[in-house]
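Chemist: Quick one: the structure is below, and I'll ask about it shortly.
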Amino acid sequence: MSNRNLTQHEREPAPSYRQSFDTLAHIPADPNLSEFRASRIDNFWIKVFPPAPKCYICQDKTQPANLLSRPGCDHKICGKCLIKVFERAVNDKKSMPPSFCPHGEVSPDMAPGLFDDVFLAQWNEKYFEYLEQTVPT
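Take 15 as the starting number for the sequence shown in our numbering and just add one per residue.
Structural data, given as structure tokens:
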């Protein structure tokens, strides 16, 4: 045997690959770093296969194009739930102004074309009533 210093790789025995490849058990690792490695692997899969976006209210998974959000907010809502939020606000004064997340109220401008003219007229009437009651003169 020579007198040279062995590297860590040369001192450690070769890993055994006899375990199942269905898990990550075949990857040799320092037990102290296993949690770190698992989180890195989880993050890798999240980046490769991001989770399907969900509606903040009903939690239905849908295509990103079918979800709406307020500018500067990460909460997304589907059209069906947004219609329910506005209908509730029109029919119940306690739900005015409408909001679906803790970051503030929403307006019908958020989804042009989602509401018909009759509903928008009702909405404007109820919203102005709300403003008259809350804004001091």
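A virtual CB, placed ideally from N, CA and C, is assigned to each residue, including glycine.
State the start and end residues of the unbroken beta strand (DSSP E) segment that holds ILE10.
Modeler: Since the first residue shown for the chain is 15 and the last is 151, residue 10 is missing from the structure and cannot be characterised.
Chemist: Please state whether DSSP places CYS69 in a helix, a strand or coil.
Modeler: Along the sequence shown, read from residue 1 onward, the residue named residue 69 stands at position 55. Reduced to three states, the DSSP call for CYS69 is coil.
Chemist: Kindly list the residues whose CB is nearer than 7 Å to the CB of PHE50, restricted to its own chain and excluding five residues on each side of it in sequence; keep chain order.
Modeler: The residue given as residue 50 occupies position 36 in the sequence shown. Any reading at PHE50 must be qualified, since the residue scores a pLDDT of 47, below 50, and its modelled position is unreliable; the value itself is stated next. Same-chain partners within the cutoff: there are none.
Chemist: So is PHE142 buried or exposed if we call it buried at 16+ other beta carbons inside 10 Å?
Modeler: On the sequence shown, residue 142 is found 128 positions in, with the first residue counted as 1. It is exposed - the Cβ of PHE142 has fewer than 16 other Cβ atoms within 10 Å.
Chemist: Below 8 Å between beta carbons: does that hold for HIS89 and PHE114?
Modeler: Stepping through the sequence shown from its first residue, residue 89 is reached at position 75. Stepping through the sequence shown from its first residue, residue 114 is reached at position 100. Yes; because the gap between Cβ atoms is below 8 Å, this pair is in contact.
Chemist: Measure the C-alpha to C-alpha separation of VAL104 and GLU119 and round it to an integer number of angstroms.
Modeler: As a first step, residue 104 is located in the sequence shown; it is residue number 90 there, counting from the start. As a first step, residue 119 is located in the sequence shown; it is residue number 105 there, counting from the start. If you take the alpha carbons of VAL104 and GLU119, they lie about 14 Å apart.
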